[in-house]
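4 protein chains.
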Amino acid sequence: MTTKVAILGACGVIGQRYVQMLNNHPKFEVTALVDVYPGKKYSGVTDWGHGGGFDIDIPDYVRDMKMVSPDDIGSDVSLAFSGLPSKVAGQMEEKLAKKGVVVVTKAGDYRMEADVPLIIPEVNPQHLSLIKEQRKNHGWKGAIVTAPNCSTSTFVVPLKPVYDKVGVKKLTIVTMQAFSGAGYPGVPSLDITDNVIPYIGGEEEKLDIESKKILGDGKKPAEYKINVYCNRVPTLDGHLESVFLETKKKITVDEMKQAMRDFPGTGLYTGPEKPVIVREEKNRPQTRIDRYAGKGPSPYTAGMSVTCGRFRDLGDNEMSFVCLAHNTIRGGAGEAILIGELLEKKGYL
Amino acid sequence: MTTKVAILGACGVIGQRYVQMLNNHPKFEVTALVDVYPGKKYSGVTDWGHGGGFDIDIPDYVRDMKMVSPDDIGSDVSLAFSGLPSKVAGQMEEKLAKKGVVVVTKAGDYRMEADVPLIIPEVNPQHLSLIKEQRKNHGWKGAIVTAPNCSTSTFVVPLKPVYDKVGVKKLTIVTMQAFSGAGYPGVPSLDITDNVIPYIGGEEEKLDIESKKILGDGKKPAEYKINVYCNRVPTLDGHLESVFLETKKKITVDEMKQAMRDFPGTGLYTGPEKPVIVREEKNRPQTRIDRYAGKGPSPYTAGMSVTCGRFRDLGDNEMSFVCLAHNTIRGGAGEAILIGELLEKKGYL
Amino acid sequence: MTTKVAILGACGVIGQRYVQMLNNHPKFEVTALVDVYPGKKYSGVTDWGHGGGFDIDIPDYVRDMKMVSPDDIGSDVSLAFSGLPSKVAGQMEEKLAKKGVVVVTKAGDYRMEADVPLIIPEVNPQHLSLIKEQRKNHGWKGAIVTAPNCSTSTFVVPLKPVYDKVGVKKLTIVTMQAFSGAGYPGVPSLDITDNVIPYIGGEEEKLDIESKKILGDGKKPAEYKINVYCNRVPTLDGHLESVFLETKKKITVDEMKQAMRDFPGTGLYTGPEKPVIVREEKNRPQTRIDRYAGKGPSPYTAGMSVTCGRFRDLGDNEMSFVCLAHNTIRGGAGEAILIGELLEKKGYL
Amino acid sequence: MTTKVAILGACGVIGQRYVQMLNNHPKFEVTALVDVYPGKKYSGVTDWGHGGGFDIDIPDYVRDMKMVSPDDIGSDVSLAFSGLPSKVAGQMEEKLAKKGVVVVTKAGDYRMEADVPLIIPEVNPQHLSLIKEQRKNHGWKGAIVTAPNCSTSTFVVPLKPVYDKVGVKKLTIVTMQAFSGAGYPGVPSLDITDNVIPYIGGEEEKLDIESKKILGDGKKPAEYKINVYCNRVPTLDGHLESVFLETKKKITVDEMKQAMRDFPGTGLYTGPEKPVIVREEKNRPQTRIDRYAGKGPSPYTAGMSVTCGRFRDLGDNEMSFVCLAHNTIRGGAGEAILIGELLEKKGYL
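So the protein sequences, as listed, match chains A, B, C and D.
5 is the number of the first residue of the first sequence in my numbering; add one for each residue after it.
5 is the number of the first residue of the second sequence in my numbering; add one for each residue after it.
5 is the number of the first residue of the third sequence in my numbering; add one for each residue after it.
5 is the number of the first residue of the fourth sequence in my numbering; add one for each residue after it.
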């Protein structure tokens, strides 16, 4: 039996990725599309294709589906994926949670609430248990579950097995982020062509507080020092990050690579077999070449692995590596869907 | 004695070019900046630099100038340069014309009105005489004078000497236009990166009707068949156009080049010595290399010449060439300022 | 039984596309890779990935295959696909043809020879019969069969049904071509970033003479006037072309679209069901969005359709449209493989 | 009296910048151009314009100058600026030094030799005294003086006043470098478009060893730990670097900014008044906007300042900032010319 699913913000960059990645999904059936113009056909209100991806045309299954307002989401819908922008998202998501829907959201509004799980399925699935507390606190039948910001997932996925093995005292991260991370219309071409912008509003704080919540024990955040600079570079998709870390215990480059290679997948439909792909070439990962790494059961699940390379032992328990992930798949719609699959498996729907 | 000048839409892509090009102007003194937030300093309300250009910082002369609302433009201002978007522009420009200001505008609202001059100073300065009729029709002390769309100027400037010599029966033009032509924020980077968009709303009609008005006798538009496709390409500045033309009388490639080379400049401050630069290299003009062609008295007047190349005799009185102009200078602020200088010289202010 | 196949120039942009598109091919088995360093493993000598495409890694089936020199191609190989650059290609291809191999080549050396078929499988499959003449003339057991230049295929595929219906008197074409068309390393980033280069050496002549040979009767080229400007624009893959045509008989926009929509595919494995996709949106085809149009049996056969749009009736039997094709798939490796499949079906191997 | 000057590698990206920046130089007169094709005119052998810059055409003063071979450089030439690629450069430069010419070179061959000065004029002019030792060691009348790699200058210029004030224990640097840094043809467009390449061969070591030599006392290199990742990003010109530093003594953000603002220029012709420009905007420096910072006496000397921003106190004597410099001007031809001016002033010619 399939789970009936709503997509909130279905016309945006993340929303269109949800539509692509849920095409022919074995367990989830999209029955409600929410964005603008309730009553109109999806194909009439969405500007398909700006967000890239493999599908030139709107998938048939949603082409003629009529947009609904959040209030008209059927009571048979038990799961919603949200690509709404922060601030807009909060109220609508709360309303649905109250009504009994479990909302998995990319919006930042509730990520840091104590009783809201902030989940990367491979990293901290156990934090889903916060849902019980959340339901009790609010009297909700549904729930709000959050996925982290794209630039957080990119380094936390490969860091997790190292963190577990030797601990982390300090992180220094410099990101080079694609402009699809800013949504649509997002970054003006006049701003980013032939340019690097060394600032993304609110982004640097997210790598700090989100990673600590995810790597924490569910109650208390993890503790380490973290220095971050975030840069917007002229690429369509894919966030590349330089990571320097000071570990609590010694680890070699080979041990680090092995820990990442051995880091297990979830076994869920949208999850890659290997969450982390370690490459040995000296000039990899590269944004355009590696962003679709991690083939899944269909082309629509490609882009779910993080690719790492350029490992170095810097002495004094300092190590460094470069990592790359597709920001609207691994760091976006794909990760949210993976959370949905985890929720379903764990019986939270 | 200097003419006091207002800039309308001073924060936009064209508005910032006005600010740059009027820096140290020998005859025009900017005394009023109109855009948003009247009462605030220009440096506080403009997002300087997105439009490119030589100046990294806001020129000192406008840095602390307080924005004014159109109603507060002083009565000593006799000339206004407008970079307002079409539709917004009309009402404000009319009001100023009524009040006695001569408004030179890049907005499209009035370009095709019978009593509104549509001027390229090198091509049809005599059309300024329409101002008399306009003043009579509306009872205005000022006037509205329009500059053509950027993609029109690009081919009309080099076409004019050929048109005068051998006439034109038919034009087929394909444009490759920079995204600064769409203003700011304008074209999203997600739309144009690694892409060509074969459509610019309303643009193709403009090349048709505007060129015919400009090349007409002031009463009746010129007559020829014109086929146009406009394309947006991933370049910052500079519109490159492939032009195929059928002439009424025979002309050789050498005669065409010579006619363009001999086409005289205006002798005005912002006007280039040579409005058309003919290049012999087989791979020129190129957008990035040639867009600042036409050095003037200061670096701020570079970019006022149209560069042509790749001339061909196609037989049957068919000729072709490629032309390129800087869309926010020759096809933008520079051309409007040149019109202002012409108005001043001809005593219309 | 499968046909054993060699790839010439297997490390280049086109060569890597051959490798991708022949992965899991139902009839062709790649058994020889020719480029540089005979004796070395393919994975050791190719710089995989610069040419884009879906595969992040070298497909397993060729990873450890040893490069061979042309002289060591086994006698069981009856078909070769060549991505060699023109001039280099000629001698090697002749040698193989002599030896009994049918070489399908993207190189330009022999395209215009009277006894060498220049083939687009949907357009002029009957020209393959020239092979008999070629074999007789040279005493070869194999043959050389050529595929046209990428910018030729792009407009000839959609033109063909119109040509058959109403004839063509004149064509005016302006191309906007991706830099992958220049191979690797090809166009320096310093040349093409933020630029349009209005010239591609030797390209414009190809659209003229190749299209006339293809649309001719196998003996005599088709006759029409053709004016072409070729431009290099900053896109990775995909050639977009503005096409103006004067037909011999009248045709309406609707009839033209219908003729293109009805243009039949080959029924061959790599051939798309619909060689031409007609789009109704006013801003399509777009290079990045539409270049992979034409899904085939696997993701590796996507990109084989030409997408058309922006149709117009210009009066006086003049029509115009915009077309786009993937230059290294439809206009490259894919078309050559399609020719190979046609040769196999028609019994030429 | 002017100094007669030769340019080695005059057709390359750096060589063309030398030609631009020495146009109308008050003390240096270019009398010899060396690259390929001795005997031919410069305008016939250089592919002018690929390297960007303000000049659309070859400056008149070199247009018809005949290329010479290194052996034919006149004995009146006492200074040479070299933009030759490393490895090629060494032998030719030695020969000239022997002959009595002082060669200022961007090539890497001799940078780390104990008796070869590696100079940034604002930072370590006193190291020029190594020339005496060099002349004694080799018996040369001329000398070889080296300028650092572009990515070294970018951070060493702003670091110097901080280094002098509070010392440095550790540096962590991530660069985002333009492709003009790789020369011409340099980086293929297929490699860098829509991509970040996290590796530049040999570059990371240079930031380490060169900065230590420059900040050292002329005999012994400076001592600090340095971690570097170098990235190639899709920008034409301008290297942007994220810099994290641990100082020996405490310094505040305000003190750091002040030290940089107070860092004195050389007073030389090509040197900017302020070697470091500190910006307060949260999203600056930006590559495209700030790369021409540091106006000098003519537009041809713009681009000589390093722009810094985004300063932070990270606690524990850790500070961070972002810096940007034009790699072919400040980090290229401009810095070499500045060294030449210093040599002239100090009487080394």
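Just so you know, even glycine gets a beta-carbon here, dropped at the ideal spot from N, CA and C.
If you're wondering where the values come from, they're calculated on a predicted model, not measured in any experiment.
Could you give the DSSP three-state label for residue i: helix, strand or coil?
| i | result |
| --- | --- |
| Thr158 of chain D | helix |
| Asp1 of chain A | Nothing in the structure corresponds to residue 1 of chain A, since chain A is present only between 5 and 353. |
| Ile196 of chain B | helix |
| Arg292 of chain C | helix |
| Leu1 of chain C | As shown, chain C starts at 5 and ends at 353. That puts residue 1 of chain C outside it, with no answer to give. |
| Val17 of chain B | helix |
| Val191 of chain A | coil |
| Ala306 of chain D | coil |
| Val127 of chain C | coil |
| Arg115 of chain D | coil |
| Ala226 of chain A | coil |
| Leu272 of chain A | coil |
| Leu353 of chain A | coil |
| Ala101 of chain B | helix |
| Asp212 of chain C | helix |
| Asp221 of chain D | coil |
| Ala297 of chain A | coil |
How would you label residue i, buried or exposed, when you count the other beta carbons within 10 angstroms and need 16 or more for buried?
| i | result |
| --- | --- |
| Glu214 of chain C | buried |
| Ala118 of chain C | exposed |
| Glu208 of chain D | buried |
| Met5 of chain B | exposed |
| Thr251 of chain D | buried |
| Asn21 of chain A | For the record, residue 21 of chain A in the displayed sequence is Arg; it is not Asn. It is buried - the Cβ of Arg21 of chain A has at least 16 other Cβ atoms within 10 Å. |
| Val326 of chain C | buried |
| Lys350 of chain D | exposed |
| Asp76 of chain A | exposed |
| Ser79 of chain A | exposed |
Just checking my contact of residue i with residue j at CB under 8 Å: how many whole Å lie between their CB atoms?
| i | j | result |
| --- | --- | --- |
| Thr7 of chain D | Leu83 of chain D | 5 Å |
| Ala14 of chain A | Asp51 of chain A | Going by Cβ atoms, the distance from Ala14 of chain A to Asp51 of chain A rounds to 12 Å, so no, they are not a contact pair. |
| Glu285 of chain C | Gly313 of chain C | 7 Å |
| Ile218 of chain B | Asn128 of chain B | 5 Å |
| Pro276 of chain D | Arg283 of chain D | That belief does not hold up - the Cβ atoms of Pro276 of chain D and Arg283 of chain D are roughly 15 Å apart, past 8 Å. |
| Pro30 of chain A | Tyr273 of chain A | 6 Å |
| Asn235 of chain B | Met180 of chain B | 5 Å |
| Ala101 of chain B | Ala340 of chain B | At roughly 15 Å, the Cβ-Cβ gap does not stay under 8 Å, so Ala101 of chain B and Ala340 of chain B are not in contact. |
In the DSSP output, what is residue i paired with across the bridge?
| i | result |
| --- | --- |
| Gly313 of chain C | C:Val326 |
| Ala10 of chain C | C:Ala36, C:Ala84 |
| Arg236 of chain B | B:Gln181, B:Ile201 |
| Leu244 of chain D | D:Met180, D:Leu328 |
| Arg231 of chain D | For the sequence presented, residue 231 of chain D should be read as Asn rather than Arg. D:Thr176, per the DSSP bridge assignment. |
| Thr251 of chain C | C:Val172 |
| Ile148 of chain D | D:Val107 |
| Val166 of chain A | According to DSSP, which records beta bridges pairwise, Val166 of chain A is partnered with nothing at all. |
| Val282 of chain A | A:Cys312 |
May I ask whether a heavy atom of the ligand GTP can be found less than 7 Å away from the beta carbon of residue i?
| i | result |
| --- | --- |
| Thr50 of chain B | Because no ligand of any kind appears in the structure shown, any question about the ligand GTP cannot be addressed here. |
Query raised in the report: For the segment 20-98 of chain D, which segments carrying the alpha helix (DSSP H) assignment without a break, of at least 4 residues, lie completely within its bounds, in sequence order?
Result: Taking 4 residues as the shortest admissible run, the segment 20-98 of chain D contains the following complete alpha helix (DSSP H) segments, listed from N- to C-terminal end: 46-49, 64-67.
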